[in-house]
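Just below is one structure, and these are the notes that go with it.
There are 2 protein chains.
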Amino acid sequence: MKRAALIAAALLLPAAATPLPPPAAAPSEIIAAAPVADWVTIADADLLIMNLASNNSGHARQVIIQLMPAPFSQGWVANVRMLAAVHWWDGTSVNRVQDNYVAQWGDATGKKTLPSALIKVPPADYTTPRTDKFGQSAQLSADSYAPETGFIAGWPYASDGHEAWSVHCYGMVGIGRDMSPDTGSGAELYAVIGQAPRHLDRNIALVGRVVSGIENLSSLPRGTGALGFYEKPEQRVTIKSIKLAAELPEADRPRFQYLSTESASFAKYADARANRRDPFFIRPAGGADICNVPVPIRSVPIKSP
Amino acid sequence: MKRAALIAAALLLPAAATPLPPPAAAPSEIIAAAPVADWVTIADADLLIMNLASNNSGHARQVIIQLMPAPFSQGWVANVRMLAAVHWWDGTSVNRVQDNYVAQWGDATGKKTLPSALIKVPPADYTTPRTDKFGQSAQLSADSYAPETGFIAGWPYASDGHEAWSVHCYGMVGIGRDMSPDTGSGAELYAVIGQAPRHLDRNIALVGRVVSGIENLSSLPRGTGALGFYEKPEQRVTIKSIKLAAELPEADRPRFQYLSTESASFAKYADARANRRDPFFIRPAGGADICNVPVPIRSVPIKSP
């Protein structure tokens, strides 16, 4: 088993010995060493809690999503908040799991009435002007999809210098839609469970990311219908509830923090992801794709009431 | 359900109507239209058939892997062939499933004796000289990991102009190893089940790719131990057998073809992946990551004996 354990040892385990020259810190070590001040607590109002029906072994399945802050996607985010507030998704289901692509949930019947207060968001809101606030934290190189990629306020973004937009990385949550100019109400959501489908950037709205429990979506059986839809209703996974954390008593709210993308710790972490110098690695890549530099997120003890 | 179906309609479904201007072909349509001459049959000697224990519902689970051709990784590929020929993996197990990373299999006991004929392959073989044979089929732009990416003989590669190497895309199969200079015997294998971990390129040997049944690895429950190892032996998934297709009677051999990366169809497909102009899309990306242009593979009817 020793050999088996070492494929990704450098990602998660400290070095067992000290070769010469001394190894550089692994990304995991940089995260562990980050001071408290570099961590930002996610507001209760930004956490969406999805409780799925228990699995066949009777284990509870929870997925927790962080909603996206301004300047991204705020019209759709407002719709998602409203749908959660009225418990619109309770009793709906995960209906589609397409391998190396997305898990998707919503009303499989297509008959459930949407709240009339939902707003229609225009396609122009897929992007936001690139202001001077962008480019002030860790930056990565140009990639196949954009001349500029980096982070802002805890989130990855891409830009062409004029506009900026959020990117379809693993675990990101977006809004299913009909043909353009429809941009989706927010009632149909999906999470990315495969190689970042960056061709969807600027074509579908992203509203958040899974901060806990992604495995409860990514390890679901794949649907065998077209696009990974489940063919039989009984294959769907029932959603018991989706609610905002702020709706729970304070003592019951989950609490998460992300590593500030404006911190020195994050800059060091991003550099280490691009240039692995920890002992397992022979040749550092010299670069990293924006989706290979996931923003570190940790759960923290719940405050006593 | 109409809305639900449309997230990726353009990936798999033909357009339902004809907007103005006429839509360009979707990648799936280009694949469907490719002439027979553009498809290459994978040799029986290059197909590895892994039969896992049935799942809880009694369904058989099979994973089929295509071994990598020259000039890549041939020392390790020879070892894998030898291990399959002596049925070394029969009765071993999938021991590790780490979300957004890898599923890994081999001898969990660490006590099984390896064939003495296995060769030790040097780290220098992680790359191969970039000859003039490279760069003769569809090429993509430079990415975060290499100044050159493209395809050769049905496989994606990256290059710095001097050396070329195969890349860690979704579904690729590689060789677990201990600390360098060990490069792994081939007995411990993994498949990528998440965002392409390209930082492993040139640091671990790749020997093949899953051409069928990746969902039987990617949808396994995630291990809860360090690095995604299963904590309890009973959580491991037994491997009934791994054998070469050539070992089966000819009538029983699975048959697959890949779209020749040197064909005009492939060039058109790669361009369409980088510039989605089918109706669902509003803004084509103008580029694609090498791992977002998976080489099309199809199963074909088995020849009559």
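As you go down the protein sequences, you meet chains R and H in turn. Per my numbering: the first sequence = residues 127 to 431. Per my numbering: the second sequence = residues 127 to 431. Glycine is no exception: its CB is placed at the ideal position from the N, C-alpha and C atoms.
Backbone CA spacing between residue i and residue j [nearest angstrom]
i      : j      : result
A284/R : V247/R : 21 Å
P359/R : W215/R : 17 Å
T275/R : T387/R : 13 Å
I365/H : S219/H : 5 Å
V421/H : A211/H : 28 Å
V336/R : L374/H : 44 Å
V333/R : A313/R : 12 Å
I301/H : H325/R : 31 Å
A204/R : P380/R : 21 Å
L193/H : E155/R : 36 Å
A400/R : Q265/R : 11 Å
P249/R : W291/R : 12 Å
K128/H : D304/R : Note on K128/H: pLDDT 41, under 50, position unreliable in the model; no value is reported.
S367/R : Y384/H : 44 Å
C417/R : R362/R : 29 Å
D172/H : S389/H : 21 Å
D415/H : T239/R : 40 Å
A169/R : T309/R : 27 Å
L353/H : A243/R : 45 Å
A186/R : N177/R : 8 Å
I330/H : A372/R : 46 Å
W202/H : A179/H : 26 Å
A393/R : G412/R : 15 Å
L315/R : K237/R : 16 Å
K259/H : P197/H : 10 Å
H213/R : I245/R : 17 Å
R403/H : C295/R : 22 Å
K369/H : D164/H : 28 Å
F382/R : I157/R : 15 Å
A150/R : S391/R : 14 Å
P282/H : D327/H : 12 Å
F355/H : I408/H : 42 Å
A159/R : A279/R : 20 Å
Q188/R : I340/R : 9 Å
Coarse secondary structure for residue i, derived from DSSP in three states
i      : result
L374/R : coil
K369/H : strand
Y296/H : coil
T144/H : The pLDDT assigned to T144/H is 45, lower than 50, so where the model puts this residue is not dependable; a value taken from the coordinates is nonetheless given after this. It is coil, neither helix nor strand.
F277/R : strand
P249/R : helix
G334/H : strand
A186/R : coil
R324/R : helix
L244/R : coil
P195/R : coil
P255/H : strand
P427/H : coil
Continuous beta strand (DSSP E) stretch holding residue i: start and end
i      : result
V223/H : S219 to Q224
A290/R : E289 to S292
N181/H : Run containing N181/H: none; DSSP gives neither H nor E here.
V421/R : Looking at the DSSP string, V421/R is not in any beta strand (DSSP E), and its letter there is neither H nor E.
Limits of the unbroken alpha helix (DSSP H) element including residue i
i      : result
Q200/H : Q200 to A211
L343/R : E341 to S344
Y395/H : A390 to A400
S154/H : P153 to A159
Bridge partner(s) assigned by DSSP for residue i
i      : result
T364/H : S219/H
I301/R : L315/R
V229/H : The residue asked about is misnamed: residue 229/H is Ala in this sequence, not Val. Answer by DSSP bridge pairing, in chain order: V223/H and A317/H.
G413/H : DSSP lists no partner for G413/H.
P282/R : F277/R
S270/H : For S270/H, which the question treats as bridged, DSSP gives no partner whatsoever.
F406/H : Answer is none; F406/H lacks a bridge partner.
T167/H : Q383/H
L174/H : I191/H and L370/H
Q265/R : G276/R
F355/H : R222/H
Cutoff 8 Å: residue i Cβ touching any chain B Cβ
i      : result
Y283/H : The structure shown contains no chain B; its protein chains are R and H.
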